[in-house]
Amino acid sequence: MDKKKFTAIILSAGTGSRMKSNMPKQYMELLGKPVIYYSIKAFEDSPVDEIVIVCSTDYIEYFRRSIIEKYGFEKVKAVVQGGKERYNSVYEGLKAANGTDYVLIHDGARPLVDNEIIVRSMHTVEKEKACVAGMPVKDTIKVSDEFGYSANTPDRKSLWQIQTPQCFEYDLLAQSYDKLFSDMSYGKSVPAITDDAMIVEYGSDTKVKLIEGSYENIKVTTPEDMGIAELFLKKREKM
């Protein structure tokens with residue numbers, strides 16, 4: 030049996046407005062290196078075959094010179110321009126990954142992804158065709174009404190906070206995108222896409238498997254998150 034090819038698509042096109050910085054959060058310094066360095070390093074050191082980076086036009090040359098060349102990343106096969114929305118950026122990465130068997134889509138602002146999560150995702154997606162990393166929620170979740178009052182309280186046991194990587198059979202995701210874009214072009218009502226799994230949930234009958242990520246696999250979004258990520262990274266260095 031031929032070995033299947035896995036491609037990581039790392040998203041780095043966000044502006045990071047909630048970080049209150051002129052520099053996008055993924056390029057801010059974390060223990061002396063850009064936040065996104067740690068995401069790329071995790072996939073570089075994993076069994077993944079290649080990496081595609083999606084970033085804004087203004088940062089493409091910076092990315093090639095100051096991250097890929099500087100740190101000697103060898104698995105990065107392409108750096109491509111992102112789109113208006115997250116799902117547009119993923120689609121650009123998907124086109125650049127054409128020819129692969131599976132894609133692992135990861136937020137560049139999640140620097141604490143590790144090899145265990147990546148390998149678990151790879152093994153699961155071969156069996157299930159679609160899977161996402163996440164963790165059961167710890168807090169009680171309230172659903173509010175339009176006036177800010179509690180409308181109902183869903184059972185916490187059924188709720189997960191979703192992370193990345195989110196992993197899919199390449200053809201499944203590509204065909205799901207085709208359906209989404211086709212419906213949009215005909216003016217059909219489509220849901221607001223907030224994560225990659227929603228593309229597959231909308232465009233196919235394939236169920237998305239939830240797999241264990243890590244409570245440390247946080248997304249760096251606010252200034253407070255930088256301090257938390259630094260603590261986790263320092264803990265790993267001591268292990």
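Counting with the working numbering, you get residues 30 to 268 for the letters of the sequence shown.
Think of the CB as a built atom: it goes at the ideal place given N, C-alpha and C, for glycine as much as any other residue.
Assuming residue i and residue j make a contact with CB atoms under 8 Å, what is their CB distance in whole Å?
{"i": "residue 197", "j": "residue 229", "result": "6 Å"}
{"i": "residue 137", "j": "residue 65", "result": "4 Å"}
{"i": "residue 121", "j": "residue 111", "result": "6 Å"}
{"i": "residue 179", "j": "residue 171", "result": "5 Å"}
{"i": "residue 148", "j": "residue 134", "result": "Going by Cβ atoms, the distance from residue 148 to residue 134 rounds to 16 Å, so no, they are not a contact pair."}
Out of curiosity, what's the CA-to-CA distance linking residue i and residue j?
{"i": "residue 162", "j": "residue 195", "result": "6 Å"}
{"i": "residue 6", "j": "residue 143", "result": "For residue 6 there is no data in the structure shown, the boundaries of the chain being 30 and 268."}
{"i": "residue 96", "j": "residue 258", "result": "20 Å"}
{"i": "residue 168", "j": "residue 248", "result": "18 Å"}
{"i": "residue 226", "j": "residue 212", "result": "17 Å"}
{"i": "residue 268", "j": "residue 145", "result": "15 Å"}
{"i": "residue 62", "j": "residue 71", "result": "14 Å"}
{"i": "residue 86", "j": "residue 53", "result": "13 Å"}
{"i": "residue 224", "j": "residue 115", "result": "8 Å"}
{"i": "residue 123", "j": "residue 202", "result": "9 Å"}
{"i": "residue 192", "j": "residue 31", "result": "30 Å"}
{"i": "residue 174", "j": "residue 181", "result": "9 Å"}
{"i": "residue 222", "j": "residue 199", "result": "19 Å"}
Is the separation between the beta-carbon of residue i and that of residue j shorter than 7 Å?
{"i": "residue 156", "j": "residue 235", "result": "no"}
{"i": "residue 107", "j": "residue 132", "result": "no"}
{"i": "residue 126", "j": "residue 77", "result": "no"}
{"i": "residue 109", "j": "residue 42", "result": "no"}
{"i": "residue 154", "j": "residue 190", "result": "no"}
{"i": "residue 205", "j": "residue 232", "result": "yes"}
{"i": "residue 140", "j": "residue 56", "result": "no"}
{"i": "residue 104", "j": "residue 73", "result": "yes"}
{"i": "residue 33", "j": "residue 130", "result": "yes"}
Could you tell me if the beta carbon of residue i falls within a distance shorter than 6 Å of some heavy atom in the ligand ATP?
{"i": "residue 237", "result": "The ligand ATP is not among the ligands present in this structure, which contains no ligands whatsoever."}
Would you give the residue range spanned by the beta strand (DSSP E) that residue i belongs to?
{"i": "residue 179", "result": "179-181"}
{"i": "residue 42", "result": "Here residue 42 belongs to no beta strand (DSSP E), and DSSP marks it neither H nor E."}
{"i": "residue 238", "result": "238-241"}
Output the boundary residues of the alpha helix (DSSP H) element that contains residue i.
{"i": "residue 136", "result": "Premise fails: residue 136 lies in the beta strand (DSSP E), 131-136, not in any alpha helix (DSSP H)."}
{"i": "residue 252", "result": "252-267"}
{"i": "residue 64", "result": "64-73"}
{"i": "residue 10", "result": "Here the chain has residues from 30 to 268 only, and residue 10 is not among them."}
Query raised in the report: Curious, which full-length beta strand (DSSP E) runs of at least 3 residues does the region 79-144 contain?
Result: 79-84, 105-110 and 131-136
**Report entry** Length-filtered (4 minimum) alpha helix (DSSP H) runs lying within the region 184-222
**Finding:** 199-214
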